[in-house]
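Scroll down for the structure; my scribbles are underneath it.
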Amino acid sequence: MTYTIVNHVLDYFELEQGGLWSLIGAIAVWAAPITGFVAIVGLVSIWLERKISAHIQCRLGPMEVGPHGLLQTLADGIKLLGKEDLVPKNADRALFALAPMMVFAATFVSFACIPFSEKAIIADLDIGIFFIAAVGSLEAIGVVMAGWSSNNKWSLFGAVRAATQVVSYEIPLSLALLAGVLCAGSMSLVDISQAQGGWIWSWFIFRNPFMWIMFLIYFIASLAECQRAPFDLPEAESELVSGFHTEYSGMRFAIFFLAEYGKMYVVSAVGVVLFFGGWLSGIPAIDGIGGITGNLIGAGVMITKSFLLVCVQMWIRWTLPRIRLDQVMDLCLKYLLPISLVCLMLIAVWQGLMPTFDEFGIAMIAAMALGFMQMRRIYRKAIEASKTRLSLPTMKV
Amino acid sequence: MEKTLFLILSAVAIIGALVTVTRKNPLGSAIGLIVTFVALSGLYFTSDAPFVGALQVLVYAGAIMVLVVFVIMLLNLPEGELEEEKIPPRSWALAFFSVVPLGFLCIAQILSTKFEDKEPVGEGFGSVKAVGQLLFGDYLLQFEVVSLLLLVAIVGAIVMAKKRL
Chain A
45 MTYTIVNHVL DYFELEQGGL WSLIGAIAVW AAPITGFVAI VGLVSIWLER
95 KISAHIQCRL GPMEVGPHGL LQTLADGIKL LGKEDLVPKN ADRALFALAP
145 MMVFAATFVS FACIPFSEKA IIADLDIGIF FIAAVGSLEA IGVVMAGWSS
195 NNKWSLFGAV RAATQVVSYE IPLSLALLAG VLCAGSMSLV DISQAQGGWI
245 WSWFIFRNPF MWIMFLIYFI ASLAECQRAP FDLPEAESEL VSGFHTEYSG
295 MRFAIFFLAE YGKMYVVSAV GVVLFFGGWL SGIPAIDGIG GITGNLIGAG
345 VMITKSFLLV CVQMWIRWTL PRIRLDQVMD LCLKYLLPIS LVCLMLIAVW
395 QGLMPTFDEF GIAMIAAMAL GFMQMRRIYR KAIEASKTRL SLPTMKV
Chain B
54 MEKTLFLILS AVAIIGALVT VTRKNPLGSA IGLIVTFVAL SGLYFTSDAP
104 FVGALQVLVY AGAIMVLVVF VIMLLNLPEG ELEEEKIPPR SWALAFFSVV
154 PLGFLCIAQI LSTKFEDKEP VGEGFGSVKA VGQLLFGDYL LQFEVVSLLL
204 LVAIVGAIVM AKKRL
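Written as structure tokens, this is what we have:
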């Protein structure tokens with residue numbers, strides 16, 4: 045029945061036969077692998093988050109289901125599937141149902157433009173990075189829809205905070221994206237990765253000192269964009285129950301959760317492509333393999349690097365306390381925005397005047413290592429000083 | 054496939070626009086407008102203008118509409134306070150005289166265009182490079198004038214928001 049109606053419509057507009065079916069087929073062929081990958085990323089990251097938080101707090105974390113609790117997330121997912129799907133009585137039903145889909149779709153679509161290796165990319169758009177920024181900004185609307193339609197003041201507060209935060213941090217984030225585009229001369233993520241070929245010091249982060257600052261700005265802004273601690277004000281548990289998704293239960297809550305971890309991965313993958321050479325391992329002999337083996341190695345390198353950045357995000361979440369809303373806005377508008385503007389200008393000048401040479405990259409790595417060791421020494425000293433001043437008891441483990 | 058996509062996207066855009074003007078609830082209208090913007094962006098993508106399409110999502114759906122929704126939520130009017138709007142006959146007449154000529158213009162333009170004579174767009178049409186070269190080459194003066202206008206708007210907003218500078 046539906047088939048004939050569809051065919052009548054197609055005939056009326058003189059469409060090629062099967063136009064709609066080829067569209068549906070294309071959606072199925074391309075959407076299925078992304079869905080699978082997002083689900084796996086979600087499973088792995090949630091397990092990682094639990095393990096990392098547990099070890100930071102001197103606990104073991106999940107240990108029962110599977111080796112080291114590896115299947116715990118899967119069990120939780122099945123549990124959430126079986127839960128009752130509650131909708132508050134005074135909620136706006138249509139928007140309430142639409143909000144998790146909107147949030148998930150915004151994350152999901154960005155996966156299409158992320159290169160896993162030279163060939164393993166679904167859509168190598170000419171405007172790749174711009175597309176990811178554009179689609180990512182839609183997530184805020186989903187969050188706002190969720191908060192408003194729940195008809196709950198805590199949800200509304202969470203949504204208002206999310207909107208403020210995401211709109212403000214989009215500016216330094218986009219400026220940091222532009223820095224990578226400036227260095228590569230292209231917006232396609234594949235071209236940006238390939239511009240960093242060669243030894244490890246040809247990665248963009250070692251290209252000039254300002255790229256290093258730009259990476260820090262990108263990382264801070266991306267934490268705010270994902271609403272992760274210390275910027276987790278939209279879902280601050282101690283103030284707003286759990287913010288914009290307070291009223292969500294069962295599978296809808298699970299979709300919010302999956303979208304959050306998917307977004308973390310997307311943000312990290314874009315950071316890896318822009319600053320850490322994408323799928324390139326930094327050793328020319330390995331990067332030159334090519335063929336199926338080369339692409340597989342590239343995908344492995346890319347996923348490993350992205351997950352390392354995801355782990356840093358988790359590490360920061362379980363180390364730093366949440367900051368206040370006015371501090372969030374101050375950080376963005378008074379510090380990150382002017383610094384990123386100046387940096388972008390300096391990068392453009394550097395890019396125009398200085399030739400790129402390997403020795404500078406090596407010098408950058410050496411300087412960063414020295415700086416890191418110096419910071420460590422200062423930090424150690426400060427801890428020793430505070431211990432003697434306060435005469436803290438040494439912790440027994 | 055392009056034709057099917059075009060039909061679906063334009064149907065979604067029209068439905069979104071209708072929702073925008075018919076919903077009593079301001080947030081419902083705003084969401085309808087967002088749907089229209091996203092569908093329009095899809096139309097740009099299918100007509101070989103990906104840069105304009107991404108701009109449409111980033112600027113309109115992502116930034117401006119978030120601000121609109123934000124203001125609606127901050128005011129947060131209860132359902133009862135939204136009065137039934139009575140449209141005076143003068144407004145109907147005004148709407149008629151502003152929309153109908155425009156519609157005629159559009160239809161006349163579409164009917165008079167000979168699509169067979171048009172050359173297909175060249176390689177790189179609608180890419181960042183092409184758009185950038187047009188903006189900063191042929192239309193540099195207009196671009197700078199528009200940016201001045203935006204600057205004036207920003208200064209105006211700051212002056213209005215902050216009486217004592």
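Chains A and B, in that order, give the protein sequences. Count along the first sequence from 1, then add 44; that gives the number in our numbering. Count along the second sequence from 1, then add 53; that gives the number in our numbering. Ideal placement from N, C-alpha and C gives every residue a C-beta, glycine not left out. Just so it is clear, the structure is predicted and the values come from calculations on it, not from any experiment.
Sequence-distant Cβ neighbours of A:Ser218 in its own chain, meaning closer than 8 Å and more than five residues away, are Ala177.
A:Ser181 belongs to the set of residues whose beta carbon lies under 8 Å from a beta carbon in chain B. Secondary structure of A:Thr363 (DSSP, three-state): coil.
In the three-state reduction of the DSSP assignment, A:Lys133 falls in the coil class, being assigned neither a helical nor a strand state. With contacts defined by Cβ atoms closer than 8 Å, A:Phe320 and A:Trp247 form a contacting pair. Among the residues facing chain A, B:Pro154 is not included, as its CB has no counterpart in that chain under 8 Å away.
In the three-state DSSP reduction, A:Glu162 falls in the coil class, being neither helix nor strand.
Distance from the CA of A:Ala150 to the CA of A:Lys425, rounded to the nearest whole angstrom, comes to 46 Å. Between the beta-carbon of A:Ala280 and that of A:Arg366 there is about 6 Å, and that keeps the pair under the 8 Å contact cut.
For B:Leu120, the chain A residues whose Cβ falls inside 9 Å of its Cβ are Ala207 and Val211, in order along the chain. Contact between A:Ser181 and B:Leu111 holds: their C-beta atoms lie close to 6 Å from each other, under 8 Å. Inclusion of A:Arg296 and A:Asp129 in the CB contact set at 8 Å is warranted, their separation being smaller than that value. The Cβ of B:Thr99 sits no closer than 8 Å to any Cβ of chain A. The beta carbon of A:Ile185 sits closer than 8 Å to some beta carbon of chain B. Closest in C-alpha terms to B:Val105, from the list B:Leu204, B:Gly179, B:Ala116 and B:Gly81, comes B:Gly179. At the C-beta level, A:Gln271 and A:Leu324 stay beyond 8 Å of one another. Put simply, the backbone Cα of A:Arg94 is about 15 Å away from that of A:Met308. Looking only at A:Val187, A:Leu380, A:Ile173 and A:Phe301, the smallest Cα-Cα distance to A:Ala265 is reached by A:Leu380.
Neighbours of A:Met231 in chain B, taken as residues at a C-beta separation under 7 Å, are given in chain order as Val181.
No residue range can be given for A:Ile333, since it is assigned to no alpha helix (DSSP H) and is classified by DSSP as neither H nor E. In this structure A:Phe254 is buried. Its beta-carbon is surrounded by 16 or more other beta-carbon atoms within 10 angstroms. Burial is judged here by how many other beta carbons sit within 10 angstroms of a residue's own beta carbon; A:Trp192 has at least 16 and is buried. With respect to the C-alpha of A:Val285, the residue from A:Ala203, A:Ala135, A:Asp120 and A:Ser161 having the closest C-alpha is A:Ala203. In the pairwise beta carbon analysis, the region 141-159 of chain A is classified as not touching the region 89-108 of chain A: fewer than three pairs are separated by under 8 Å. About 30 Å separates the beta carbon of A:Arg205 from that of A:Pro106, a gap too long to meet the 8 Å contact definition. Against chain B, the CB of A:Ile71 has no partner CB under 8 Å away; the residue lies outside that interface. Contacts with chain B (Cβ-Cβ distance below 7 Å) from the region 158-181 of chain A involve Leu169, Asp170, Ile171, Phe174, Phe175, Ala177, Ala178, Val179 and Ser181, listed in chain order. B:Leu80 is classed as buried because its beta carbon has at least 16 other beta carbons within 10 Å across all chains shown. Per DSSP, the unbroken alpha helix (DSSP H) holding A:Cys387 starts and ends at Leu381 to Leu397.
The alpha-carbon of B:Val65 is positioned some 7 Å away from that of B:Thr89. In its chain, beyond the 5 residues on either side, Thr73 and Arg76 have a beta carbon closer than 6 Å to the beta carbon of B:Ser82.
In the three-state reduction of the DSSP assignment, A:Trp323 falls in the coil class, being assigned neither a helical nor a strand state. In this model, A:Ile333 and A:Gln116 are separated by some 38 Å (Cα to Cα). DSSP, read as helix, strand or coil, puts A:Phe275 in coil. Chain A places a beta carbon closer than 8 Å to that of B:Val110, counting this residue as a contact. Contact annotation: A:Val82 and A:Phe201 have beta-carbon atoms that are not nearer than 8 Å.
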